[in-house]
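Student: For the sequence shown, UniProt numbering assigns the number 1 to the initial residue and increments by one for each residue that follows. Where is the CB? At the ideal position from N, CA and C, for every residue including glycine.
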Amino acid sequence: MTGCLNSYYSRGLSPLVTKHMHSPIRSIIRGGSHRAPVVVVLGEIQQRRGGGSSSSSSGGGRGQGGRGDRRRSSEEDYKITLRSIRKNSKRFDTDEQVSEMYARSALLKKAHESGMPAVQLASGKANIFMDGNPIVYGGAIDRMENDPKDGQVVGVFDHNQRPIGWGTFNSSSMFRVRMMELAKETESPILIKRVVKKRIEEAKMLRDKVLDLKNGKTNAYRLVNSEGDRLSGIIIDKYGNDNHFVVSSSAGWVEAQRGDIIEALREVMLKENENMTVVWRRDVDMYALEGVGVTEKVSVYDKNGDDASASLPSEIEITENGVKYLVNLTEGHKTGFYVDQRDNRAFIGELSKTSNDNSDFSVLDCCTYTGGFAINAAVAGCKNVTAVDSSKIVLSIAARNAELNNVQDQINFVPSDAFDYLDDCIANNRQYDVLVLDPPKFAPTVKSLSKSLLKYIGLNARAMRCVKPGGILISCSCSGAVTQRKLLPSIVFEASQAANRRIAKVRDGGCGADQPIDPMFPEGEYLSVLAVRVM
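Pasting the structure below:
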């Protein structure tokens with residue numbers, strides 16, 4: 001923590017800034033998530049010992065002293081309202097719907113009676129799974145029946161032996177059971193293969209509706225978004241017109257069912273006589289937690305599940321909103337390309353259309369990676385675009401992407417650390433009409449959140465000083481710990497205070513409609529994007 005703050009101070013921001021921070025930022029920076037409160041006074045850090053616990057990041061504690069009259073928090077009001085909605089909603093079920101739910105539940109109970117392995121939940125743990133939470137953690141399980149083995153299908157029952165649903169079991173994982181179907185929707189046969197195909201069919205229907213794929217302007221998108229499409233532990237992205245798919249696997253069951261997943265992709269996504277390649281990218285760290293050994297991090301398969309590494313080109317060309325990119329499917333970040341930023345790249349294109357009436361209009365894209373935001377600005381008409389990244393390798397790809405779109409003369413690619421480049425802009429009074437910050441994940445875990453917040457604020461404060469009065473700052477965070485706590489607006493506000501600039505929110509953003517989020521699994525949300533006007 002001290003090192004992070006010292007680094008923050010050494011980059012030219014006043015240590016008094018943290019003294020005036022507002023919650024929830026202040027409470028997290030002062031207290032962190034897993035330690036005693038920290039008090040920041042004139043650049044010195046004093047660890048306060050004893051004296052109770054730090055305030056929560058949501059600010060929903062018991063007041064200053066935790067004694068006396070206790071008002072009901074807004075969160076408690078919400079929970080009471082939610083319970084009322086759930087109770088009353090059951091009144092809308094018709095007799096036919098109730099009968100069908102009982103019949104489907106009976107399928108699962110019958111399978112259990114015939115020897116199907118099962119887990120029984122502890123008392124009081126069933127409701128969250130009945131409502132649709134897709135992950136059963138080990139602590140929710142009271143006991144196991146019929147000796148379930150890793151990778152097997154297991155029934156999930158409450159403490160009174162009432163069926164809740166079924167899923168895949170893994171004794172090595174903290175995600176002990178990944179739910180596949182609820183009891184009320186269970187169909188026969190109870191097979192993972194059937195559900196995988198059904199989920200991919202449903203996922204394809206959604207993308208066909210929300211992406212307008214028939215116009216031909218976009219051929220790269222997320223087909224399956226893990227829990228958001230009710231297939232926990234797997235992400236599938238589609239690239240190009242030649243049916244290239246990238247499967248990002250982080251669960252043991254996904255590896256075990258690889259053949260069925262490839263077969264389902266073939267049956268749902270291919271027309272007769274079409275071919276496809278499936279790049280299978282394994283999350284080594286998650287596999288270790290799942291108890292799965294990894295011999296190959298990346299494999300390539302054809303539509304029959306046979307090795308196809310020799311036939312996969314080193315790069316393929318994709319199109320997104322009419323803009324072209326080169327993508328390496330085996331070595332590029334994520335699944336090869338950041339498909340999650342599609343709508344936000346289109347937004348900067350809209351902003352840059354005004355540059356046609358202003359020859360001095362300028363855009364700065366910090367942490368550009370392969371040039372996504374910068375190229376969209378240039379394609380829209382901006383003649384003065386600067387793209388910064390610390391990696392010369394990715395900048396060379398970005399330059400080739402610019403040439404692919406005939407905008408190479410409009411973009412200046414600069415190899416530099418974002419902090420250093422912004423400091424140089426401040427020293428030389430360079431400012432931009434639009435500035436994009438899309439840094440790497442500063443807070444990969446909740447434990448690292450308190451340290452990373454100062455880094456986020458420091459970067460955004462510098463950016464504020466590099467935006468022309470009336471210009472736009474687009475700030476991004478791909479840290480789930482930040483997004484799930486909705487901290488980005490507070491980060492940007494604190495940065496504006498540090499930079500002595502006023503701001504007004506213009507647009508909230510995040511992932512596109514091809515990355516749905518299950519409300520019962522908000523942990524799946526990781527990207528937050530905020531556009532503000534800087535005065």
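(1) My understanding is that Asp-365 touches Val-385, with C-beta atoms under 8 Å, so please give their C-beta distance in whole angstroms.
(2) How about Phe-169 and Val-154: are their beta carbons less than 8 Å apart?
(3) Per DSSP, Trp-253 forms a beta bridge with which residues?
(4) Of all the alpha helix (DSSP H) runs that stay within the bounds of the segment 123-193, which reach a length of 4 or more residues?
(5) If we count the other Cβ atoms within 10 Å of its Cβ and call it buried at 16 or more, is Ser-232 buried or exposed?
(6) Quick one: which unbroken beta strand (DSSP E) runs of 3-plus residues sit fully inside the segment 315-346? Chain order, please.
(7) Are there 16 or more other CB atoms within 10 angstroms of the CB of Val-298, so buried, or fewer, so exposed?
(8) Is Ala-106 helix, strand or coil when you go by DSSP?
(9) By Cβ distance below 6 Å, which residues in the same chain neighbour Gly-240 in space, the five residues on each side in sequence not counted?
(10) Looking only at its own chain, which residues have a Cβ that is under 6 Å from the Cβ of Ile-397, when we skip the five neighbours before and after it?
(11) Output the distance between the C-alpha atoms of Lys-271 and Lys-238, rounded to the nearest integer angstrom.
(12) Does the segment 514-528 come into contact with the segment 452-471, if we say contact requires no fewer than three beta-carbon pairs (one atom in each stretch) closer than 8 Å?
(13) Verify whether the separation of the beta carbon atoms of Thr-335 and Ser-248 is less than 8 Å.
(14) Straight-line CA distance for Ser-416 to Asn-321?
(15) Determine the extent of the alpha helix (DSSP H) in which Gly-458 is found, giving its start and end residues.
(16) Taking the C-alpha atoms as reference points, what is the distance between Cys-382 and Val-246?
(17) Can you check whether the CB of Asn-376 is closer than 8 Å to the CB of Val-323?
(18) Going along the chain, which residues of its own chain have a beta-carbon closer than 8 Å to the beta-carbon of Val-224, five neighbours each way excluded?
(19) Which partner residues does Ser-475 have in the DSSP bridge list?
(20) Quick one: Cα of Cys-425 to Cα of Leu-289, how far?
(21) Pull up the DSSP beta-bridge partners for residue 619, would you.
(22) Which residues mark the beginning and the end of the alpha helix (DSSP H) in which Gln-120 is found?
(23) Could you check what DSSP says for Arg-230 in three-state terms: helix, strand or coil?
(24) Tell me, to the nearest whole angstrom, how far the beta carbon of Gln-408 is from that of Ala-418; I am working on the premise that it is less than 8 Å.
(25) Would you call the CB atoms of Ile-164 and Met-180 closer than 8 Å?
(26) Whole angstroms are fine: how far does the CA of Val-363 sit from the CA of Arg-501?
(27) With burial defined as no fewer than 16 other Cβ atoms inside 10 Å of the residue's Cβ, what is the status of Val-294: buried or exposed?
(28) By the three-class DSSP mapping on this structure, what secondary structure does Val-39 have?
(29) According to DSSP, is Gly-470 helix, strand or coil?
(30) Beta-carbon within less than 6 Å of Phe-521's beta-carbon, same chain only, minus the 5 sequence neighbours each way: which residues are those?
(31) Judging by CA-CA distance, which residue of Ser-114, Phe-373, Glu-403, Phe-413 is the nearest neighbour of Asp-389?
(32) Would you report the Cα separation of Val-339 and Phe-347, rounded to the nearest angstrom?
(33) Since Lys-505 is in the beta strand (DSSP E), which residue starts that stretch and which ends it?
(34) May I ask you to list the residues that DSSP assigns as paired with Ser-248?
(35) Mind checking which residues open and close the alpha helix (DSSP H) that includes Ala-499?
(36) List the residues that DSSP assigns as beta-bridge partners of Ala-220.
Tutor: Let me lay it out:
(1) 7 Å
(2) yes
(3) In DSSP, Trp-253 forms no bridge with anything.
(4) With a minimum length of 4 residues, the continuous alpha helix (DSSP H) runs that stay inside the segment 123-193 are 127-130.
(5) buried
(6) 316-320, 323-327
(7) Only exposed fits Val-298, as fewer than 16 other CB atoms lie within 10 angstroms of its CB.
(8) helix
(9) Asn-219, Ile-316, Ile-318
(10) If we look at Ile-397 and ignore the five residues flanking it on each side, its Cβ neighbours are Thr-370.
(11) 15 Å
(12) no
(13) yes
(14) 28 Å
(15) Gly-458 -> alpha helix (DSSP H) spans 449-465.
(16) 33 Å
(17) yes
(18) Arg-199, Ile-200, Ala-203, Leu-231, Ile-234, Ile-235, Ile-236
(19) Leu-437, Leu-530
(20) Approximately 44 Å between the Cα atoms of the pair.
(21) Nothing about residue 619 can be reported from this structure: the residues present for the chain run from 1 to 535 only.
(22) No alpha helix (DSSP H) contains Gln-120, which is instead part of the beta strand (DSSP E) from 118-121.
(23) coil
(24) Actually they do not touch by this definition, with Cβ atoms about 22 Å apart.
(25) Between Ile-164 and Met-180, the C-beta spacing is not below 8 Å.
(26) 19 Å
(27) exposed
(28) Its pLDDT being 31, under 50, Val-39 is placed unreliably by the model, and nothing is read from it.
(29) strand
(30) Pro-134, Glu-227
(31) For Asp-389, the nearest C-alpha among the options comes from Phe-413.
(32) 14 Å
(33) 503-509
(34) Ile-235, Arg-281
(35) Following the DSSP letters along the chain, one finds Ala-499 inside the alpha helix (DSSP H) bounded by residues 488-499.
(36) Tyr-239
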